[in-house]
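Asker: In this note's numbering, the protein residues as written are 73 to 482. For every residue, glycine included, the Cβ atom is placed at its ideal position computed from N, Cα and C.
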């Protein structure tokens with residue numbers, strides 16, 4: 073019996089050592105590259121201090137694997153969202169209300185018709201998109217758009233079937249509207265994805281104006297929220313329960329300003345979100361069901377006028393802190409976690425289109441904390457609106473100026 077126990081103990085020790093070795097090897101394999109000084113060298117708008125080390129202005133990191141960004145197309149018209157199709161081509165929305173399909177060589181289709189009218193004024197238009205997990209069988213597409221109504225404008229979600237000839241969207245139907253409507257043409261949010269349970273996740277903005285800004289804190293309004301619904305627009309099962317009277321069952325999180333980035337973390341399957349701050353205070357948030365992300369009660373930014381936002385506080389019990397923030401802003405937009413193998417340093421890193429920053433942000437992440445930041449394609453001087461990963465393991469990005477880029481190993 074002692075011999076058996078000894079064998080068991082030895083085997084257990086060996087398994088532990090093997091596991092530790094594997095963990096160590098995994099850390100080595102996921103080395104994000106060469107550490108540099110922080111990439112942000114400009115003065116901040118405020119003297120606000122981060123809540124924890126590494127929450128802002130983390131050390132820079134440099135990709136060691138040679139890579140390049142190649143312009144595939146230049147004639148898109150204000151593209152806003154991009155998503156890979158099962159055959160490797162790319163489905164793209166254009167702000168004015170059209171969709172196009174692009175090959176990975178940059179050949180663009182004619183505009184796809186059948187999409188309901190959008191209000192393209194201001195920050196509105198045809199916004200983010202995704203495709204059904206069963207797209208090969210059902211050809212369903214889902215998108216977010218600014219919808220004009222008699223009561224103002226809504227962030228709306230619609231679905232429809234891409235026709236077999238790829239010329240039109242058939243049976244387009246609005247499945248959700250974030251209410252109340254407002255005359256503002258700003259802060260629609262506008263990203264959409266499927267989570268691992270097959271539910272739609274949508275980001276909505278608080279519409280910018282002072283009268284609607286407080287609604288980001290109200291669980292009876294659909295503004296400034298992360299929404300989680302079924303393919304038919306009904307509240308998803310498993311959503312958090314809010315105790316306030318009139319709370320909306322489709323809400324997943326609240327307290328957001330203008331969230332234009334959504335992505336699923338491939339390690340944890342959690343939802344991550346990027347949102348625009350005012351003057352300073354752009355954020356990356358890790359979304360927890362039922363959590364309050366603070367806007368406009370807490371923020372690392374100030375008003376465009378230079379005044380404090382509210383009481384000018386950055387931390388408060390019960391309100392979530394961002395994983396990372398920027399001051400000055402980079403204006404984070406569409407984003408994706410990289411799961412390809414073309415560039416080893418990029419594994420599970422977060423890539424974000426930066427509008428005012430005019431680059432693609434790369435954030436190296438470990439244990440849900442940012443450990444390094446890099447700026448890609450900054451010399452291109454483009455407002456990067458969205459980034460996705462292609463079926464070939466490369467990154468594809470679109471810019472407000474109408475360009476489609478492929479970013480890949482040389």
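Nearest by alpha-carbon distance to residue 243: which of 251, 233 and 237 is it?
Answerer: Nearest C-alpha to residue 243: 233.
Asker: For residue 228, which residues of its own chain have a beta-carbon under 6 angstroms away from its beta-carbon, when the five flanking residues on both sides are left out?
Answerer: For residue 228, where only same-chain residues beyond five positions count, the Cβ hits under 6 angstroms are 217, 219, 246 and 249.
Asker: Please tell me whether residue 342 and residue 328 are closer than 7 angstroms, where the distance is taken between their beta carbons.
Answerer: Against a cut-off of 7 angstroms, the Cβ pair of residue 328 and residue 342 comes out as no contact.
Asker: Mapping the DSSP letters down to three states, classify residue 367 as helix, strand or coil.
Answerer: Of the three classes helix, strand and coil, the one that applies to residue 367 here is coil, per DSSP.
Asker: Could you pull out every residue in the same chain whose Cβ sits closer than 7 angstroms to the Cβ of residue 258, ignoring the five residues on either side in sequence?
Answerer: Hits under 7 angstroms: 194, 195, 279 and 280.
Asker: My assumption, with CB atoms under 8 angstroms, is that residue 397 sits in contact with residue 127. Please give the rounded CB distance.
Answerer: 6 angstroms between Cβ atoms; contact.
Asker: Verify whether the separation of the beta carbon atoms of residue 458 and residue 443 is less than 7 angstroms.
Answerer: Going by C-beta atoms, residue 458 is not nearer than 7 angstroms to residue 443.
Asker: Out of 349, 164, 438 and 353, which one is the CA nearest neighbour of residue 472?
Answerer: Residue 472 has its Cα closest to that of 164, out of 349, 164, 438 and 353.
Asker: In this structure, does DSSP put residue 405 in helix, strand or coil?
Answerer: Note: residue 405 maps to strand in three-state DSSP.
Asker: When DSSP labels each residue in this structure, what does residue 275 get in the three-state scheme?
Answerer: Three-state DSSP puts residue 275 in a strand.
Asker: So, do the stretch 264-272 and the stretch 287-307 have three or more beta carbon pairs nearer to each other than 8 angstroms?
Answerer: The stretch 264-272, when compared against the stretch 287-307, does touch it at the 8 angstroms Cβ threshold.
Asker: Can you tell me which of 314, 199, 256 and 239 puts its alpha carbon nearest to the alpha carbon of residue 265?
Answerer: Nearest C-alpha to residue 265: 199.
Asker: Can you give me the start and stop residues for the alpha helix (DSSP H) that residue 210 sits inside?
Answerer: Unbroken alpha helix (DSSP H) run through residue 210: 207-210.
Asker: Skipping 5 residues on each side, what residues in its chain have a beta carbon closer than 6 angstroms to that of residue 453?
Answerer: If we look at residue 453 and ignore the five residues flanking it on each side, its Cβ neighbours are 430.
Asker: Go through its chain and collect everything with a Cβ distance to residue 296's Cβ below 7 angstroms, but skip five positions before and after it.
Answerer: 276, 277, 278, 287, 288, 326, 327, 328, 329 and 367, listed in sequence order.
Asker: Can you give me the start and stop residues for the beta strand (DSSP E) that residue 342 sits inside?
Answerer: Here residue 342 belongs to no beta strand (DSSP E), and DSSP marks it neither H nor E.
Asker: Between the Cα of residue 419 and the Cα atoms of 372, 401, 438 and 251, which residue gives the shortest distance?
Answerer: Closest by alpha carbon: 438.
Asker: Can we say the stretch 352-361 touches the stretch 383-400, given the rule of at least three CB pairs closer than 8 angstroms?
Answerer: Yes, they touch.
Asker: What's the call for residue 225, buried or exposed, on a 16-neighbour Cβ count within 10 Å?
Answerer: When all chains shown are included, residue 225 counts as buried.
Asker: Pop quiz: residue 359 and residue 370 are said to be a contact at Cβ under 8 angstroms. What is the actual Cβ separation, rounded to whole angstroms?
Answerer: Residue 359 to residue 370, Cβ: 17 angstroms. No contact.
Asker: Is the beta carbon of residue 160 less than 7 angstroms from the beta carbon of residue 463?
Answerer: Yes, the pair counts as a contact, with Cβ atoms nearer than the cut-off.
Asker: Is it a yes or a no for the stretch 137-152 touching the stretch 196-215, going by three-plus beta-carbon pairs under 8 angstroms?
Answerer: Yes, since at least three Cβ pairs between the stretch 137-152 and the stretch 196-215 fall closer than 8 angstroms, the two stretches touch.
Asker: Around the Cβ of residue 331, are there at least 16 other Cβ atoms within 10 angstroms (buried) or fewer (exposed)?
Answerer: Buried is the call here.
Asker: Indicate the three-state DSSP secondary structure (helix, strand or coil) for residue 451 in the structure shown.
Answerer: Residue state, collapsed to three classes: helix.
Asker: How many Å lie between residue 207 and residue 230 at the Cα?
Answerer: Between residue 207 and residue 230, the C-alpha separation is close to 16 angstroms.
Asker: Identify every residue that forms a DSSP beta bridge with residue 392.
Answerer: Bridge partners of residue 392: none, in fact.
Asker: Is it true that the CB of residue 417 sits closer than 7 angstroms to the CB of residue 105?
Answerer: The answer is yes: Cβ separation under 7 angstroms.
Asker: To the nearest angstrom, how far is the alpha carbon of residue 321 from that of residue 262?
Answerer: Between residue 321 and residue 262, the C-alpha separation is close to 19 angstroms.
Asker: Rounded to whole angstroms, what is the Cα-Cα separation between residue 460 and residue 323?
Answerer: Using only the alpha carbons, I get a separation of about 26 angstroms.
Asker: Would you grab the beta carbon distance between residue 357 and residue 379 for me? Rounded to a whole angstrom, and I think it's under 8 angstroms.
Answerer: Wrong, their Cβ atoms sit about 24 angstroms apart, outside the cutoff.
Asker: Applying the criterion that 16 or more other CB atoms from any shown protein chain within 10 Å of the CB defines a buried residue, is residue 111 buried or exposed?
Answerer: Burial call: buried.
Asker: Return the CA-CA distance between residue 316 and residue 294, expressed in angstroms with no decimal places.
Answerer: For residue 316 and residue 294, the distance between alpha carbons rounds to 14 angstroms.
Asker: Residue 394 and residue 426 look like a contact to me (Cβ under 8 angstroms); what is the Cβ gap, rounded to whole Å?
Answerer: Contact doesn't hold; Cβ gap of about 16 angstroms is too wide.
Asker: Kindly list the residues whose CB is nearer than 8 angstroms to the CB of residue 301, restricted to its own chain and excluding five residues on each side of it in sequence; keep chain order.
Answerer: Only 229, 247, 248, 271, 272, 274, 307, 308 and 322 meet the Cβ criterion.
Asker: Please report the straight-line C-alpha distance between residue 238 and residue 156, rounded to a whole angstrom.
Answerer: Each residue's alpha carbon lies about 15 angstroms from the other.
Asker: If you follow the beta strand (DSSP E) that residue 438 is part of, which residue opens it and which one closes it?
Answerer: It spans 431-438 - the beta strand (DSSP E) in which residue 438 sits, taken as one unbroken run.
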